[in-house]
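Q: Residue numbers (our numbering): 6 to 589. Ideal placement from N, C-alpha and C gives every residue a C-beta, glycine not left out. Quick caveat, the model's predicted, so the values are computed rather than measured. Can you read through this structure? Questions will come right after.
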Amino acid sequence: MKVKMKLKIKILIPIVVLITNIIFSQHNTFNTEAELQKFAERGGKTEEISPNIYKLTNRIGESRTFYFNQIVKSNAVNEPVDTTIINVWEIDTTKCSNIFKYWQQVEVANLWWAPLPIDDLNNNNRPELYGYTDIIHPNLIGPVKIFERNLNGVYHEIFTYDSLTNYVKGLGYINGTGSKEIFISEIIDYGDSIFRYYPVYRSDSIQGFPTTFDFFFYLENRQINNMTFGDWDSNGITDCAFTVALELDPPMCNIAEYRDIINNFEELFRLLLPLGSDVSGFAINDFDGDKKTELVNSTGAGDVLVIENIAVNEYSVVNQFPFPVHNTYMQTATNDIDGNGKPEFWIGGQDFENGITVFQCYEADGDNSYKVVARIEIRYLVSLYNYYIQSVDIDDDGKEELVISIGNVILILKFTGSPNNNQYMLWYAKLGEATQPGAQFYPAAVADLDSDGKKDLLIPMEKYTTWITYAFSYILRMDGTSGIENSEPYNFLSKEYIKSNPVPFNSVSSIRFAILNENLVMIKIYNSLGKEIKTLLEQNLSPGEYNIQWDARDRYGNLLPSGIYFISLQTKDVVKTTKTILLK
């Protein structure tokens, strides 16, 4: 295993802590039984394939495996790494509510695992939305339609695909015409079985929409996900990477290349995974700087896979390593966000037992070798429906923001660090939609939807009732009088605190604390009689969360006896104290 943790000796600055084996289950609001029942009530099927491992199949027959137990691997993060922790229910959204304002509702959505596709394929500076629409009855969705903004600024329907079409799988340049083609899912329900096709539509001109049928994608009756396009072997021919879920056979990760002679794709690479280990992806770049493209994906079982293009039309798995939690169905790439000359990839997973969503950022430290350089924990937030991360340069400053969609929560995090110093501030948060009670979010899309030069948010939703499910999207337009350039990053901390974990402890106590203002901070240890035993920290710190450790020794390095000890946070503004117990 070549993945490594990045050791930091210094006290880390704003919003930086150390992740150890802390348990947060007492705050977890995710109830497995209730969530599975809700999934079934919305037309899905649930099947326990192993203890605490379930295959969930949505109402159109597409499935994914979820692990509701904790991961059993010796890969816990035991060394310090730049870490941002967000306690979701402590966020005050009024502090950032003026950044995006409601603009309009559009009757279009896209299902489950990817944002709704947005593009300007007819080059008229009015982007189109590609997704399914209409009232959705149980087990039926679609057809796919195109919406475009009219001269009055209202998005309206301009084209409807075949009535059997369900939703969009991808958009990509395929045959060298200069126009993108659209890949759509088409499902025929025979009652006792479902058959899948993937029709591909092209445009007849560079100024036209992709509305003319071209071919059926070469794989039929397979659940194809995560479709993405590029030329990763630099031979001038379009490649397509995707994942495949099969009913009884092992899941697959595939790479294919377009062939003019057959007007279709031909498979170049196939990676079979163990049953019950669904795969998702991709984060794509030359991450290790060897002039070869890597495609990084990950599995529900918590494994990260690095696939490299080793020659024209040749690919190989060059690294595989474990992630700290299960359900790693989220990936994105950032292009050297900290300015140290190395692009990064991000992997995200969900710990349902403790209600925590975890993202880790990886950089290369050698050929096909990677280390963790940053971690983001979103506490008390997991979801079976919506789990997605994407990187978008919202303010056009050359550094991407991280846009995270989990359940009915959207978070935008902005990088505020420096080379090899990965700090993130929460810049925007949306916690549900009060005007649509009961509606379920799907992954948000980010694009300039009103052509004013600023990025907007499109949030697809489905609203479930007893008999009918209704699909639509809200467009939130970036306010013309606000935005990143004149908005301070939102500090989600609400008060100073100091805590220790575990209690009792027998060797090392992890001490987490937070300050709201820049201060000279002292962390001191006292015994039960009030005598000062040791000063752990005396340093000027910026506002944020921090973590340090105490090894149960006094100022002279002597091991202390069992007993009650007090840990004190002291600044010019506040004194906070917490109690801990040393047991040997």
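In the DSSP assignment, the alpha helix (DSSP H) including residue 43 goes from what residue to what residue?
A: The residue labelled residue 43 in the question sits at position 38 within the sequence shown. From DSSP, the alpha helix (DSSP H) with residue 43 extends over 37-46.
Q: Take residue 323 and list the residues in its own chain whose beta-carbon comes closer than 6 Å to its own, dropping the five residues that flank it on each side.
A: As a working mapping, residue 323 is identified with position 318 in the sequence shown. These residues qualify, in order along the chain: 311, 313, 373.
Q: Using 10 angstroms around the beta-carbon of residue 246, count the other beta-carbons present and answer buried if the total reaches 16, otherwise exposed.
A: Reading the sequence shown from its first residue, position 241 is the one you call residue 246. Residue 246 comes out buried.
Q: Are residue 481 and residue 435 touching if we call contact CB-CB under 9 Å?
A: Against the sequence shown, residue 481 aligns to sequence position 476. Against the sequence shown, residue 435 aligns to sequence position 430. In this structure, residue 435 lies closer than 9 Å to residue 481 by Cβ.
Q: Enumerate, from N- to C-terminal direction, the unbroken beta strand (DSSP E) stretches of 3 or more residues contained entirely within the segment 382-443.
A: Within the segment 382-443, the complete beta strand (DSSP E) runs of at least 3 residues are 392-397, 406-411, 414-420, 429-436.
Q: Is the Cβ-Cβ distance between residue 200 and residue 225 less than 9 Å?
A: Translated into positions along the sequence shown, residue 200 becomes position 195. Translated into positions along the sequence shown, residue 225 becomes position 220. In this structure, residue 225 lies closer than 9 Å to residue 200 by Cβ.
Q: Taking residue 542 and residue 527 to be in contact with their CB atoms under 8 Å, please state how far apart those CB atoms are, rounded to whole angstroms.
A: Locating residue 542 in the sequence shown gives position 537, where the first residue counts as 1. Locating residue 527 in the sequence shown gives position 522, where the first residue counts as 1. Confirmed, Cβ separation roughly 7 Å.
Q: I'd like the list of long-range same chain contacts for residue 105, defined as Cβ closer than 8 Å, with 5 residues on each side in sequence excluded.
A: The residue labelled residue 105 in the question sits at position 100 within the sequence shown. Result list for residue 105: 433, 435, 461, 462, 481, 482, 483, 484, in chain order.
Q: Pairs of beta-carbons, one from the segment 271-280 and one from the segment 206-216, closer than 8 Å: are there three or more?
A: No, because fewer than three Cβ pairs between the segment 271-280 and the segment 206-216 fall closer than 8 Å, the two stretches do not touch.
Q: According to the Cβ coordinates, are residue 411 and residue 431 closer than 9 Å?
A: As a position in the sequence shown, residue 411 is number 406, starting the count at 1. As a position in the sequence shown, residue 431 is number 426, starting the count at 1. No, Cβ-Cβ distance for residue 411 and residue 431 is not below 9 Å.
Q: Between the alpha carbons of residue 240 and residue 317, how many angstroms are there, rounded?
A: Taking the sequence shown and counting its residues from 1, one reaches residue 240 at position 235. Taking the sequence shown and counting its residues from 1, one reaches residue 317 at position 312. Distance between the alpha carbons of residue 240 and residue 317: 7 Å.
Q: Output yes or no for whether 9 Å exceeds the beta carbon distance between residue 133 and residue 477.
A: As a position in the sequence shown, residue 133 is number 128, starting the count at 1. As a position in the sequence shown, residue 477 is number 472, starting the count at 1. Cβ atoms of residue 133 and residue 477: not closer than 9 Å.
Q: Roughly how far, in whole angstroms, is the beta-carbon of residue 379 from the beta-carbon of residue 86, given that I think they are within contact range, below 8 Å?
A: Start at 1 with the first residue of the sequence shown, and residue 379 comes out as number 374. Start at 1 with the first residue of the sequence shown, and residue 86 comes out as number 81. With 8 Å as the limit, residue 379 and residue 86 qualify as a contact, their Cβ atoms being about 7 Å apart.
Q: Could you compute how far the alpha carbon of residue 468 sits from the alpha carbon of residue 205?
A: Reading the sequence shown from its first residue, position 463 is the one you call residue 468. Reading the sequence shown from its first residue, position 200 is the one you call residue 205. Taking the straight line joining both Cα atoms gives about 29 Å.
Q: Any idea what DSSP makes of residue 51, helix, strand or coil?
A: Looking up residue 51 in the sequence shown gives position 46. DSSP places residue 51 in strand when its eight states are reduced to three.
Q: What do you reckon, are the CB atoms on residue 304 and residue 285 nearer than 9 Å?
A: The count along the sequence shown starts at 1 and reaches residue 304 at position 299. The count along the sequence shown starts at 1 and reaches residue 285 at position 280. The answer is yes: Cβ separation under 9 Å.
Q: How big is the Cα-Cα spacing for residue 306 and residue 160?
A: Reading the sequence shown from its first residue, position 301 is the one you call residue 306. Reading the sequence shown from its first residue, position 155 is the one you call residue 160. Distance between the alpha carbons of residue 306 and residue 160: 41 Å.
Q: I'd like the ranges of any beta strand (DSSP E) spanning at least 3 consecutive residues and lying wholly in the segment 165-229.
A: Runs found: 170-178, 185-194, 199-202, 204-207, 217-221.
Q: Can you tell me where the beta strand (DSSP E) holding residue 517 begins and where it ends?
A: Here residue 517 is taken as the residue at index 512 of the sequence shown, counted from 1. Segment 514-520, the beta strand (DSSP E) holding residue 517.
Q: Please go through the same chain and pick out, in chain order, the residues whose beta-carbon is closer than 7 Å to the beta-carbon of residue 79, but skip the five residues on each side of it.
A: Locating residue 79 in the sequence shown gives position 74, where the first residue counts as 1. Because the pLDDT of residue 79 is 43, which lies under 50, any placement of that residue in the model is unreliable, and the number read from its coordinates should be weighed accordingly. So the list is empty, once near-sequence residues are dropped.
Q: State the DSSP-derived secondary structure class of residue 584, mapped to helix, strand or coil.
A: Walking along the sequence shown from the start, residue 584 turns up at place 579. Residue state, collapsed to three classes: strand.
Q: In this structure, how does DSSP classify residue 94 when only helix, strand and coil are distinguished?
A: The residue given as residue 94 occupies position 89 in the sequence shown. Helix.
Q: List the DSSP bridge partners of residue 551.
A: If you number the sequence shown from 1, residue 551 lands on position 546. 518.
Q: What does DSSP give as the partner residues of residue 529 in its beta bridges?
A: In the sequence shown, counting from the first residue as 1, residue 529 sits at position 524. According to DSSP, residue 529 bridges with 540, 573.
Q: Mapping DSSP to helix, strand and coil, what is residue 337?
A: Within the sequence shown, the letter at position 332 stands for residue 337. Residue 337: strand per DSSP, three-state reduction.
Q: Can the beta-carbon of residue 335 be found less than 9 Å from the beta-carbon of residue 263?
A: Here the question's residue 335 lines up with position 330 in the sequence shown. Here the question's residue 263 lines up with position 258 in the sequence shown. Contact flag unset, no.
Q: How long is the line joining the alpha carbons of residue 492 and residue 193, rounded to whole angstroms?
A: If you number the sequence shown from 1, residue 492 lands on position 487. If you number the sequence shown from 1, residue 193 lands on position 188. Unreliable positioning characterises residue 492 in this predicted model, as indicated by a pLDDT of 39, which lies under 50. The coordinate reading is nonetheless provided below. Cα-Cα distance, rounded: 49 Å.
Q: Give the straight-line distance between the Cα atoms of residue 56 and residue 531, rounded to the nearest whole angstrom.
A: As a working mapping, residue 56 is identified with position 51 in the sequence shown. As a working mapping, residue 531 is identified with position 526 in the sequence shown. Whole-angstrom Cα-Cα distance: 46 Å.
Q: Between residue 369 and residue 308, how many whole angstroms is the CB-CB distance? I'm expecting something under 8 Å.
A: For the purposes of this step, residue 369 is taken as residue 364 along the sequence shown, with counting starting at 1. For the purposes of this step, residue 308 is taken as residue 303 along the sequence shown, with counting starting at 1. Not a contact, Cβ separation roughly 19 Å.
Q: Return helix, strand or coil for residue 347, following the three-state DSSP convention.
A: By 1-based counting over the sequence shown, the position of residue 347 is 342. Residue 347 falls in the coil class under three-state DSSP.
Q: Counting C-beta neighbours from all protein chains within 10 Å, is the total for residue 523 16 or more, i.e. buried, or is it exposed?
A: Position 518 of the sequence shown holds residue 523. With fewer than 16 Cβ atoms within 10 Å of its Cβ, residue 523 is classed as exposed.
Q: Measuring alpha carbon to alpha carbon, tell me which of 71, 341, 243 ends up nearest residue 40.
A: Within the sequence shown, numbered from 1, the residue matching residue 40 stands at position 35. Here the closest residue by C-alpha is 71.
Q: Is residue 409 near the ligand PLP, in the sense that its beta carbon is under 8 Å from a heavy atom of that ligand?
A: Among the components of this structure there are no ligands whatsoever, and the ligand PLP is therefore not found.
Q: Looking at the structure shown, is residue 99 part of a helix, part of a strand, or coil, going by DSSP?
A: In the sequence shown, residue 99 corresponds to position 94, counting from 1. Here residue 99 sits in helix by DSSP.
Q: Should residue 329 go down as buried or exposed, given a rule of 16 or more other Cβ atoms within 10 Å for buried?
A: By one-based count along the sequence shown, residue 329 stands at place 324. Classification for residue 329: buried.
Q: Whole beta strand (DSSP E) runs in the segment 237-282 with 3 or more residues, listed along the chain?
A: Segments of the beta strand (DSSP E) lying fully in the segment 237-282: 244-250, 257-264, 269-277.
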